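Participant:
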Amino acid sequence: MSKNKAVDTRVSITIHVTPPEARRLEVDAANVGKTRSALVRSRVLRQPEDGAPLMACLAQLLRIHHRLDDVCQLDDPIRRELLVTVRALTEAARAEAAE
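Mapped onto our numbering, the consecutive letters of the sequence shown carry residue numbers 9 to 107.
#1: Just mark ALA106 as buried or exposed, buried being the case when its beta carbon has 16 or more other beta carbons within 10 Å.
#2: Going by C-alpha distance, which of GLU104, LEU66, ALA103, ALA101 is nearest LEU90?
#3: Here's the rule I'm using: 16 or more other beta-carbon atoms within 10 Å means buried, otherwise exposed. How should LEU82 be labelled?
#4: Quick one, are the C-beta atoms of THR93 and LEU69 less than 7 Å apart?
#5: Is ALA37 closer than 7 Å to LEU47 when the C-beta atoms are compared?
#6: Return yes when the Cβ of LEU33 is within less than 7 Å of the Cβ of ARG44, no when it is not.
#7: Taking only three categories from DSSP, how would you classify ILE21?
#8: Could you give the residue range of the alpha helix (DSSP H) that holds VAL35?
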């Protein structure tokens with residue numbers, strides 16, 4: 009292999025969805041200006057989605073939830089992060105409901 013050729017180290021992942029799920033992905037992707045692949049990639053990697061603050065907040069809450077095994081793990085940084093995320097989620101939900 010020559011030094012100029014880069015080795016492709018990407019991993020391919022295939023998922024199978026039902027037709028209704030595919031349609032929902034298509035609509036969600038169109039709403040944020042992404043392809044289905046880009047939308048799924050951002051969701052799998054838990055990246056915030058442009059134009060979808062509610063989903064970004066929910067994804068953040070899920071990340072926090074997975075870090076907690078029980079209530080005794082609620083240290084000050086996690087409490088602050090929860091408060092900030094819940095406030096942002098509330099604002100996003102209000103803005104979405106007003107549309």
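Ideal Cβ placement from N, Cα and C applies to all residues, glycine included. Remember, predicted model here, so these are calculated numbers, not experimental data.
Facilitator: Put simply:
#1: It is exposed - the Cβ of ALA106 has fewer than 16 other Cβ atoms within 10 Å.
#2: The shortest Cα separation from LEU90 among GLU104, LEU66, ALA103, ALA101 belongs to LEU66.
#3: It counts as exposed.
#4: Taking 7 Å as the Cβ cut-off, THR93 and LEU69 qualify as a contacting pair.
#5: The Cβ-Cβ distance between LEU47 and ALA37 falls below 7 Å.
#6: Cβ atoms of ARG44 and LEU33: closer than 7 Å.
#7: DSSP places ILE21 in coil when its eight states are reduced to three.
#8: 27–39 is the extent of the alpha helix (DSSP H) around VAL35.
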